[in-house]
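Engineer:
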Amino acid sequence: MTPPNTDLSPFIDNQVGKGKTILITGASSGLGAGMATHFARMGYNLAICARRTERLEQLKANLLADNPTIKVSVKALDVTDYTQVFKVFHEFAQEFGKLDRIIINAGVGEGRRIGKGNFEINRKTAEINFISGLAQCEAAMEIFRAQNSGHLVVISSMSAFRGLPKHMSVYAASKSAIAQLAEGIRADMLLSELPIKVSTIYPGYIRTEINEGAKPLPFEVSEEIGTKALAIAIEGEPDEACVPEQPWTMMSDWMKNAPLTWVNGLA
142 MTPPNTDLSP
152 FIDNQVGKGK
162 TILITGASSG
172 LGAGMATHFA
182 RMGYNLAICA
192 RRTERLEQLK
202 ANLLADNPTI
212 KVSVKALDVT
222 DYTQVFKVFH
232 EFAQEFGKLD
242 RIIINAGVGE
252 GRRIGKGNFE
262 INRKTAEINF
272 ISGLAQCEAA
282 MEIFRAQNSG
292 HLVVISSMSA
302 FRGLPKHMSV
312 YAASKSAIAQ
322 LAEGIRADML
332 LSELPIKVST
342 IYPGYIRTEI
352 NEGAKPLPFE
362 VSEEIGTKAL
372 AIAIEGEPDE
382 ACVPEQPWTM
392 MSDWMKNAPL
402 TWVNGLA
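Counting in our numbering, the sequence shown runs from 142 upward without gaps.
Structure below.
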């Protein structure tokens with residue numbers, strides 16, 4: 142299997158993000174914090190938000206220590222508070238003057254088997270991963286439409302390509318829903334002929350805090366490798382991308398067409 146491309150040096154050497162700003166939700170740990178670290182090295186200013194502000198403040202200190210020429214702003218955000226989503230996004234836009242990219246990353250990996258008495262856990266997973274994602278997309282697109290520019294990035298999951306069993310059922314469904322929403326927004330941008338990019342990103346198995354303690358997963362990569370591959374993919378502004386590209390691009394075709402009994406093995 143070809144190792145993922147993790148060479149950030151062309152982006153860092155050229156400081157491709159100089160004078161530009163990225164907003165990342167769910168940035169206090171995992172994929173969000175990792176992406177923030179790599180984008181900071183590329184010269185981007187960062188608007189980072191999550192519930193755990195103490196972690197955000199520590200991340201901010203680390204980012205500025207390593208990249209003293211950028212600007213980093215921190216705000217508390219619970220994405221299930223929809224009024225707060227719009228307030229925080231618009232405050233960031235006002236503070237920086239312009240948001241060049243917004244990464245909808247906040248989400249949860251919880252889930253339980255359907256019909257086992259865990260509706261509230263499954264409802265929360267569906268709400269945070271989709272309804273809260275919808276609120277973030279709405280707020281982001283309000284800003285981008287007003288600017289007449291921007292790059293919306295929606296972090297979905299490889300699990301979005303098929304229904305999955307056990308604890309993965311609602312998680313996979315919610316990630317499929319947010320991916321379809323992103324494609325719908327992209328279709329609307331094409332129809333409206335607006336210069337706003339929309340990318341749907343499908344990460345494979347990346348070992349982070351969200352899946353800490355889980356058994357080894359197929360084609361799993363570390364957080365460092367996975368977030369570097371994510372930053373590189375996002376910087377290319379694709380319509381869609383599986384990350385790491387291999388084997389997950391090939392696996393996406395297989396997942397769409399393989400018998401469900403075979404796909405079950407991925408759960």
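Glycine residues also receive a C-beta, built at the ideal position from the N, C-alpha and C atoms.
Considering just the uninterrupted stretch of the alpha helix (DSSP H) at residue 398, what are its terminal residues?
Structural biologist: 386-398
Engineer: Of all the beta strand (DSSP E) runs that stay within the bounds of the stretch 256-334, which reach a length of 3 or more residues?
Structural biologist: 291-296
Engineer: Relative to the alpha-carbon of residue 213, which residue among 277, 203, 219, 222 has its alpha-carbon at the smallest distance?
Structural biologist: Measuring from the Cα of residue 213, the nearest candidate turns out to be 203.
Engineer: Pop quiz: residue 238 and residue 269 are said to be a contact at Cβ under 8 Å. What is the actual Cβ separation, rounded to whole angstroms?
Structural biologist: Actually they do not touch by this definition, with Cβ atoms about 30 Å apart.
Engineer: Just the Cα atoms here: how many angstroms apart are residue 211 and residue 382?
Structural biologist: 28 Å
Engineer: Taking the beta strand (DSSP E) that residue 417 falls in, what are its first and last residues?
Structural biologist: Nothing in the structure corresponds to residue 417, since the chain is present only between 142 and 408.
Engineer: Compute the beta-carbon to beta-carbon distance between residue 205 and residue 169, rounded to the nearest angstrom, for a pair I have assumed lies under 8 Å.
Structural biologist: So it is not a contact: roughly 16 Å between Cβ atoms.
Engineer: Counting Cβ pairs, one atom from each stretch, are 3 or more of them under 8 Å apart for the stretch 360-377 and the stretch 323-339?
Structural biologist: Touching, no, given that fewer than three Cβ pairs across the two stretches are closer than 8 Å.
Engineer: For residue 359, tell me which candidate among 267, 375, 407 has the shortest Cα-Cα distance.
Structural biologist: Nearest option by C-alpha distance: 407.
Engineer: Say yes only if the C-beta of residue 169 is nearer than 7 Å to one or more non-hydrogen atoms of the ligand FAD, and no if none qualify.
Structural biologist: The model on display carries no ligand, and the ligand FAD is accordingly not part of it.
Engineer: Within its chain, find whatever has a CB closer than 7 Å to the CB of residue 229; leave out the 5 residues flanking it on each side and keep chain order.
Structural biologist: Listed in chain order, the non-local C-beta contacts of residue 229 below 7 Å within the same chain comprise 190, 216, 218, local neighbours out to five positions each way being set aside.
Engineer: Measuring alpha carbon to alpha carbon, tell me which of 312, 155, 295 ends up nearest residue 321.
Structural biologist: 295
Engineer: Whose C-alpha, out of 176, 388, 272, is nearest the C-alpha of residue 319?
Structural biologist: 272
Engineer: Look at residue 349 and residue 364 and say whether their C-beta atoms are less than 8 Å apart.
Structural biologist: In this structure, residue 364 lies closer than 8 Å to residue 349 by Cβ.
Engineer: With a CB to CB cut of under 7 Å and the five nearest residues on each side skipped, what residues in its chain are close to residue 396?
Structural biologist: 302, 303, 404
Engineer: If you follow the alpha helix (DSSP H) that residue 178 is part of, which residue opens it and which one closes it?
Structural biologist: 171-182
Engineer: Just to confirm my understanding: we take residue 311, look at its own chain, exclude 5 residues before and 5 after, and list those with CB closer than 6 Å. What are they?
Structural biologist: 252, 263, 266, 267
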